[in-house]
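Chemist: Numbered per full-length UniProt numbering, the sequence shown spans residues 1 to 139.
Below are the structure tokens for one structure; questions will follow.
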Amino acid sequence: MKPTYQDNFITAYCGDSLEVMRELPAESVQCCVTSPPYWALRDHNLPGQLGMERLPEEYVARLVLYFREVRRLLRADGTLWLNIGDTYATFKGACKNPGGGEKSLGKQKKAADVIPKFRGSPNRMLPRGHAGLKPKDLV
Numbered sequence: 001m002k003p004t005y006q007d008n009f010i011t012a013y014c015g016d017s018l019e020v021m022r023e024l025p026a027e028s029v030q031c032c033v034t035s036p037p038y039w040a041l042r043d044h045n046l047p048g049q050l051g052m053e054r055l056p057e058e059y060v061a062r063l064v065l066y067f068r069e070v071r072r073l074l075r076a077d078g079t080l081w082l083n084i085g086d087t088y089a090t091f092k093g094a095c096k097n098p099g100g101g102e103k104s105l106g107k108q109k110k111a112a113d114v115i116p117k118f119r120g121s122p123n124r125m126l127p128r129g130h131a132g133l134k135p136k137d138l139v
């Protein structure tokens, strides 16, 4: 596999991350920095995209596949930097960032205006009564 970018310190590859990792030799990576798609937050209309699983348990199971590959690739002195979370169970997609997101587009939603949508909808949100999740649980 040919790197997309390479210098004396960094080698970068472009492609589906799981496919790229499977082509790399074991114990060949010193540092992995990643922020995988958060569960049920954004739908990019790509078949099989990570983050659009039906249940949080299915999302975690998919993440395990990715991080098994990361573990295989990391050298003995390797590190993993992971950023994950930042989503509440009840009000998915309602951006709270004062400088961006939906507010910057004039579409800021109030909690009372958020209507749950289901699988297959381009902007689906978690149903309010999802088993095991209370309002404001982090997912």
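Every residue, glycine too, gets a C-beta built ideally from N, C-alpha and C.
(1) Can you say whether residue 73 is buried or exposed, counting buried as having 16 or more other CB atoms within 10 angstroms of its CB?
(2) Helix, strand or coil: how does DSSP classify residue 42 here?
(3) Give every residue of the same chain whose Cβ lies closer than 8 Å to the Cβ of residue 26, excluding the five residues on either side of it in the sequence, and list them in chain order.
(4) Check residue 74 in the structure and name its three-state DSSP category.
(5) In chain order, what residues of the same chain lie with their CB nearer than 6 Å to the CB of residue 37, ignoring the 5 residues before and after it?
(6) Per DSSP, what kind of secondary structure is residue 61 in: helix, strand or coil?
(7) Please state the DSSP three-state secondary structure of residue 18.
(8) Per the DSSP calculation, residue 11 is bridged to which residue(s)?
Modeler: The answer reads as follows:
(1) By one-based count along the sequence shown, residue 73 stands at place 73. With 16 or more Cβ atoms within 10 Å of its Cβ, residue 73 is classed as buried.
(2) Translated into positions along the sequence shown, residue 42 becomes position 42. Residue 42 falls in the coil class under three-state DSSP.
(3) Indexing the sequence shown from 1 puts residue 26 at position 26. Here the set comprises 72 and 73.
(4) Reading the sequence shown from its first residue, position 74 is the one you call residue 74. Three-state result, residue 74: strand.
(5) Counting from 1 along the sequence shown, the entry for residue 37 is found at position 37. Taking C-beta separations shorter than 6 Å and ignoring five residues to either side along the sequence, the partners of residue 37 in its chain run 50 and 51, following chain order.
(6) By one-based count along the sequence shown, residue 61 stands at place 61. Correct three-state label for residue 61: helix.
(7) For this step, residue 18 is matched to residue 18 along the sequence shown. In the structure shown, residue 18 sits in a helix (DSSP, three-state: H, G or I).
(8) Taking the first residue of the sequence shown as 1, we reach residue 11 at position 11. Paired residue(s): 6.
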